[in-house]
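A short worksheet on the structure shown next.
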Amino acid sequence: MNSHESGDIVNAIHWDQKQRFKPVFDYYRGLIQLRREHPVFRLRTRDAIKKYVRLLEKDHALLAFELHGAAVHDTWNRIVVIYNASIETRTVSLSPGIWNVVTEKGQAGVDSLRTINGHQVQVQGISMTVLYSMS
């Protein structure tokens, strides 16, 4: 079913349920803030994506890629986005350095949730993790 072709019954926003689903609301608000404040999440062309996005890992249930923020004048030099569609926690290799995690465990935004000083990150099952490095 394509939601775009459906009416208000499917697509209506039930604002009266916002409190009930506040964690979901906050998560999406954080993702919107992340995209708004970082131009590397708004690449417009196929050429730009080819130039500034590098695939790190891909298998049947995991996708990890690095965005080169510095190249598009982003304040974050490198950003890694990891989607884990598996139910198991997965370990993903990173370039060595200090990484700030800004999205994980149902939280999203631009503020660091924790810091990793190393070359691996654990990503919970059925989740997305976003982290950045200034180096």
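Residue numbers for the sequence shown follow my numbering, so the first one is 70 and each next one is one higher.
Note that the Cβ used here is the ideal one computed from N, Cα and C, for glycine as well.
DSSP places residue 116 within a helical segment (H, G or I) once states are collapsed to three. 8 angstroms or more divides the Cβ of residue 176 from the Cβ of residue 97. By the beta-carbon neighbour count (other beta carbons within 10 angstroms, threshold 16), residue 118 is exposed.
Between residue 191 and residue 174, the C-beta gap is not smaller than 8 angstroms, which leaves the two residues out of contact. In the DSSP annotation of this structure, residue 143 is not part of any alpha helix (DSSP H), being labelled neither H nor E.
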